[in-house]
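Numbering (the UniProt record's numbering), first residue to last: 1 to 273.
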């Protein structure tokens with residue numbers, strides 16, 4: 001039997017329910033025979049996969065690796081993913097460094113094929129755990145797309161908040177991720193014409209509105225769980241005012257199309273699907 005996530009009526013109330021029961025629901029997903037087999041396979045084989053070519057040739061490893069980084073829509077783009085994984089990260093012109101969606105860079109950094117390192121057992125264990133979490137998120141998204149966006153934001157904004165990169169680079173990383181951008185724009189009450197502003201103006205608006213909420217315009221504020229919760233609460237409550245059904249539908253479309261928005265420009269891509 002396939003476990004169906006429990007989110008009540010969705011929205012912010014559904015989010016609070018997920019916060020209380022998320023660990024249990026994730027464990028129920030992990031116990032399913034098909035998921036358990038995939039996890040065992042990843043733990044056994046990923047750490048000894050020596051090349052990007054070998055990784056992308058193995059469907060189960062490729063699927064787990066991509067889902068762990070939120071890139072499952074690229075499951076059939078084997079050549080592209082191989083080139084991302086083989087990118088020389090010391091070269092700012094390499095593919096992974098040029099792509100606007102920084103999930104690809106995170107994938108290349110984690111696997112280390114470009115530097116000749118390759119994955120180890122620690123990464124295999126991490127990918128297995130993240131694959132299970134991603135599967136729960138995917139199923140939550142079939143019920144309420146905005147909750148999936150919130151789950152992604154909770155994880156990814158926290159990482160950005162803790163990053164040692166400059167404030168501007170971190171904001172560009174948020175702008176370059178369609179799912180994160182959706183959450184931030186909604187939480188900060190930015191209007192639909194925000195995307196028409198020059199990127200410098202967008203950056204200014206993000207900093208001003210974040211400072212108005214938290215006293216600082218730096219993405220470092222997202223490293224604080226209470227601040228992150230406030231962002232998610234505002235996003236979900238504002239999304240419900242649109243129309244729960246239409247809002248969730250739009251979120252689902254965004255999640256499905258996010259990979260189509262990758263860009264190889266110098267700035268984080270401004271094709272958002």
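All residues carry an ideal CB built from backbone N, CA and C; glycine is no exception.
Is the CB-CB distance between residue i and residue j below 8 Å?
i: residue 210; j: residue 188; result: yes
i: residue 164; j: residue 67; result: no
i: residue 200; j: residue 194; result: no
i: residue 85; j: residue 69; result: no
i: residue 83; j: residue 95; result: yes
i: residue 3; j: residue 52; result: no
i: residue 232; j: residue 124; result: no
i: residue 167; j: residue 119; result: no
i: residue 289; j: residue 208; result: The structure shown does not extend to residue 289, since the chain spans only 1 to 273, so no value can be given for it.
If you draw a straight line from the alpha carbon of residue i to that of residue j, how long is it in whole angstroms?
i: residue 198; j: residue 26; result: 41 Å
i: residue 146; j: residue 238; result: 11 Å
i: residue 64; j: residue 229; result: 28 Å
i: residue 160; j: residue 47; result: 26 Å
i: residue 129; j: residue 21; result: 17 Å
i: residue 196; j: residue 202; result: 9 Å
i: residue 108; j: residue 137; result: 22 Å
i: residue 126; j: residue 212; result: 36 Å
i: residue 30; j: residue 93; result: 39 Å
i: residue 81; j: residue 97; result: 13 Å
i: residue 234; j: residue 9; result: 17 Å
i: residue 28; j: residue 132; result: 10 Å
i: residue 49; j: residue 106; result: 18 Å
i: residue 45; j: residue 155; result: 26 Å
i: residue 43; j: residue 192; result: 44 Å
i: residue 117; j: residue 169; result: 26 Å
i: residue 91; j: residue 32; result: 42 Å
Quick check on residue i: buried or exposed, where buried means 16 or more other Cβ atoms within 10 Å of its Cβ?
i: residue 362; result: Residue coverage of the chain in this structure runs from 1 to 273, which leaves residue 362 outside it and unanswerable.
i: residue 224; result: exposed
i: residue 19; result: exposed
i: residue 144; result: buried
i: residue 151; result: buried
i: residue 79; result: exposed
i: residue 157; result: buried
i: residue 221; result: buried
i: residue 242; result: exposed
Give every residue of the same chain whose Cβ lies closer than 8 Å to the Cβ of residue i, excluding the five residues on either side of it in the sequence, and list them in chain order.
i: residue 140; result: 5, 7, 18, 147, 148, 151
i: residue 204; result: none
i: residue 171; result: 203, 206, 207, 219
Whose C-beta lies closer than 6 Å to the C-beta of residue i among residues of the same chain, with five residues either side of it excluded?
i: residue 162; result: 223
i: residue 88; result: 94, 114
Leaving out five residues before and five after residue i in sequence, what residues of the same chain have Cβ atoms less than 7 Å from its Cβ?
i: residue 23; result: none
Q. Quick one: any contact between the region 100-109 and the region 172-188, if contact means 3 or more CB pairs under 8 Å?
A. yes
Q | Stretch-stretch touch, CB-based, cutoff 8 Å, three pairs: the region 74-91 with the region 4-13 | A | no
(Q) Check whether the region 58-67 and the region 30-47 touch, using three or more Cβ-Cβ pairs below 8 Å as the test. (A) With contact defined as three or more Cβ pairs closer than 8 Å, the region 58-67 and the region 30-47 are in contact.
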